[in-house]
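Basically this note's numbering = 1-based index in the sequence shown + 47. Cβ coordinates follow ideal geometry from the N, Cα and C atoms, glycine included. Okay, structure first, notes after.
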Amino acid sequence: MRVPNFEKIKQVAKDAGLDDIAVTGVEPLFEARAAIKERKHQGLHAGMNFTYGNPERATDPAQLFEGAKSILVAVRRYKPPSVDEPQTSDPGTKAGVEGPKGVVASYVCSDEYGKLRQGLTTVANYLEGFGARTEVVMDDNRLADRAVAARAGLGWLGRNTMLLHPELGSWTVIGSVVTDAPIGGRSEKTHDGCGTCRRCSTDCPTGAIDEFGVLNANKCLAWLLQAKGPFPRQYRTALGDRLYGCDDCQVLCPINDETMKASETISPKDSKVDIVALLDSADEELMKQFGHWYIPRRRPEYLRRNALVVLGNSQSHNDLEVDRVLANCLISSEPLVRSHAVWAALRLGKEHLIGPDVAESLVEHDPDGIVRAELEEWGISLDSDSQ
Ligand code: B12
Ligand code: SF4
Ligand code: SF4
48 MRVPNFEKIK QVAKDAGLDD IAVTGVEPLF EARAAIKERK HQGLHAGMNF
98 TYGNPERATD PAQLFEGAKS ILVAVRRYKP PSVDEPQTSD PGTKAGVEGP
148 KGVVASYVCS DEYGKLRQGL TTVANYLEGF GARTEVVMDD NRLADRAVAA
198 RAGLGWLGRN TMLLHPELGS WTVIGSVVTD APIGGRSEKT HDGCGTCRRC
248 STDCPTGAID EFGVLNANKC LAWLLQAKGP FPRQYRTALG DRLYGCDDCQ
298 VLCPINDETM KASETISPKD SKVDIVALLD SADEELMKQF GHWYIPRRRP
348 EYLRRNALVV LGNSQSHNDL EVDRVLANCL ISSEPLVRSH AVWAALRLGK
398 EHLIGPDVAE SLVEHDPDGI VRAELEEWGI SLDSDSQ
């Protein structure tokens, strides 16, 4: 096999829209393996699968295929949210004028992973032109992307666990091309640049980051929005207006200050979702619009669950449209939707939507008792004949 030159690969990657690329070997990522196992052991993974499913494999790139020798790791930057326009602090809107909005994290506002995959595939095709075997790997269970990127020298792993690239910051997605071509040009690891800063730990809305580089997914809003079951009551207020993903530990990170000032930012039209329209949409329409998100069990009621928490946090006390969608959600056939509608209605002070007659019908077809439990949290208990 002719060996491709790394400088030429860099040019191919740049032309394919990748912002930086570096090379490393396929040796196991022992530190990452220990970290993943430790998180799992402590239950900090909140039952997630991903790299936690098989930590040995996710940290042993040589297992990707026999003869794999090098990994080209690339980052692609995406637009951060606008700093001028608060994304998460003011879920309320002028009642009846605009209606409440839910905020979507920047990385899902456009198809960033699709563009990353395209760029990586171009690099892979280039290598294949030399007779090399390749495998594109990104954001799946087979490889710990941040660990391999850090080893390749693309940045350091910050306290918030993000890969912090010295020039691009953390507004990047990461992917790799694993190949049997022996590619030279390995870089040094980037030194830690967090120093004494602790901002992501102190300012995370739920306190999900405690020790350096340790995230407790049981508290992380980005995970809770994707997790099954009722949204944990103790984090509903902290959710604010986030509908999908959370960008706080990137927005507040000083390493990102320059990139946030310099870059073009996400337009609110791409990052804000109309909550009333979402709750009005039929299942099919919801999946058509948001089906590319990670939605538990691919069930649209999880989108409604998240939207109802956002709605409860909004200031829409006097919006008749809000009353209308809440009343519809209170008669949903899904207990998950009804229980979150109870929370939203009562948090907005709309007790009139839940009279005694409504409360009794709410707990019909509630096999897990989640609607009843929600009512009880608000001091509304039902006598035994309504069970
Ligand atoms: C599971 C997962 C999640 C989970 C858990 C995240 C977590 N921190 O564990 C949830 C759903 C919460 C999540 C959220 C987000 N995610 Co995510 N996620 C993943 C996934 C699939 C696996 C991550 C993983 O292996 N976690 C296990 C832990 C143990 O590993 P780690 O987080 O990488 O932690 C490393 C460091 O902390 C370090 N470490 C551990 N201990 C110590 C101690 C010290 C002292 C030091 C220095 C380092 C250190 O070693 C660990 C192993 O590499 C990856 C894709 C992939 N296949 O790798 C994407 C990935 C990490 N996610 C990504 C993104 C964009 C996000 C969000 C920003 C999305 C959003 N806006 O909502 C948030 C960010 C939240 C956060 N602070 O992490 C990007 C990150 C890009 C980048 N530049 O870093 C990835 C790489 C996807 C991709 N291919 O681009 N994610
Ligand atoms: S994504 Fe949000 S909730 Fe999760 S650790 Fe970062 S700031 Fe905290
Ligand atoms: S906020 Fe501070 S401690 Fe957290 S990742 Fe950024 S620089 Fe590091």
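Exposure label - residue i; buried when at least 16 CB within 10 Å
i    : result
A75  : Checking the sequence, you will find Pro at residue 75 rather than Ala. The residue in question, P75, is exposed, as its Cβ has fewer than 16 Cβ neighbours within 10 Å.
H399 : exposed
R283 : buried
R245 : exposed
T106 : buried
L367 : exposed
R385 : buried
H92  : buried
R189 : buried
E305 : exposed
H387 : buried
A199 : buried
F77  : exposed
Y341 : exposed
Q89  : exposed
K57  : buried
G396 : exposed
D137 : Caution applies to D137, whose pLDDT of 44 falls short of 50 and renders its modelled position unreliable; the value that the coordinates give is listed next. Exposed, because fewer than 16 other Cβ atoms sit within 10 Å of the Cβ of D137.
Bridge-paired residues (DSSP) for residue i
i    : result
Y291 : V151
V320 : G149
I68  : A121
G338 : BP columns for G338 are empty, so no partner.
I256 : L262
H212 : G216
L204 : L210
Nearest neighbour of residue i, chosen from the options [CA to CA]
i    : options                   : result
I118 : G72, Y99 and C293         : G72
L215 : L201, N207 and R206       : L201
V68  : R246, K116, T106 and R124 : The displayed chain sequence assigns Ile, not Val, to residue 68. Taking only the C-alpha atoms, the option nearest I68 is R124.
G260 : G222, L167, A81 and R346  : A81
N52  : L65, A63, D62 and V70     : V70
A171 : R371, P315, L190 and A228 : A228
G276 : E235, H212, E348 and D317 : E348
V151 : R104, D370, P403 and L268 : L268
C241 : H212, V220 and S234       : H212
C296 : K57, R206 and K87         : R206
S129 : V410, R351, K316 and S379 : K316
L286 : I427, L163, R371 and G254 : G254
I378 : L429, V405 and S361       : V405
D62  : V372, P403 and T169       : T169
D413 : A392, K55 and S380        : S380
First through last residue of the alpha helix (DSSP H) which encompasses residue i
i    : result
S223 : Where S223 is concerned, there is no enclosing alpha helix (DSSP H), although the beta strand (DSSP E) it sits in stretches over T219 to T226.
S386 : P382 to R394
R124 : Here R124 belongs to no alpha helix (DSSP H); instead the beta strand (DSSP E) covers S117 to R124.
A354 : E348 to N360
E62  : With the sequence shown as reference, residue 62 is identified as Asp, and Glu is not the correct amino acid for it. F53 to D62 is the extent of the alpha helix (DSSP H) around D62.
Y160 : E159 to E175
L367 : L367 to L377
I417 : I417 to E424
C244 : First-last for C244: undefined, no H or E at that position.
F97  : F97 to G100
M307 : D304 to A309
L271 : L268 to L271
T284 : R283 to L286
R193 : D192 to R198
Minimum Cβ-Cβ distance from residue i to chain C less than 8 Å
i    : result
A309 : Looking at the structure shown, chain C is missing, and only one protein chain is on hand.
Contact under 8 Å by Cβ, residue i with residue j
i    : j    : result
G416 : W390 : no
S153 : D250 : no
A79  : G222 : no
V224 : L174 : yes
G149 : A324 : no
P102 : I83  : yes
A191 : T98  : yes
V418 : P382 : yes
G231 : L65  : no
E311 : K126 : yes
G500 : R49  : Nothing about residue 500 can be read from this structure; the chain reaches only from 48 to 434.
L326 : R351 : yes
L163 : M185 : yes
Element boundaries [beta strand (DSSP E), containing residue i]
i   : result
E22 : Residue coverage of the chain in this structure runs from 48 to 434, which leaves residue 22 outside it and unanswerable.
A81 : Note, A81: premise wrong, no beta strand (DSSP E); alpha helix (DSSP H) at F77 to H88.
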